[in-house]
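**Q** Numbering (the UniProt record's numbering), first residue to last: 1 to 50.
No residue lacks a Cβ here, since even glycine has one placed at the ideal position from N, Cα and C.
Written out as C-alpha cells, the structure reads:
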C-alpha cells in the first residue's frame, strides 16, 4: 500500500475515532483488512492466487 493511501486512512481513522462509538467498528475494519492482506500474502508464498 502506498504511503499516501496509508496516511489518508490514518487521518480518516483519527476523524472517526473522535466519536468513541465508532472506535470498535473501525478497529474491526482495520483488523479485517490486515488479515485479508496476510491471507493474500500467504497464498502468494505457497504459489496460489488469493
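Anyone know if the C-beta pair for residue 35 and residue 26 falls short of 8 Å?
**A** No; because the gap between Cβ atoms is not below 8 Å, this pair is not in contact.
**Q** So residue 5 is in the alpha helix (DSSP H); what residue range does that whole segment cover?
**A** Segment 3 to 17, the alpha helix (DSSP H) holding residue 5.
**Q** Which of the three DSSP states is assigned to residue 47 in this structure?
**A** Three-state DSSP puts residue 47 in coil, outside helix and strand.
**Q** Of all Cβ atoms in chain D, is any one closer than 8 Å to the Cβ of residue 4?
**A** As a matter of chain content, chain D is missing from the structure shown, which is built from one protein chain.
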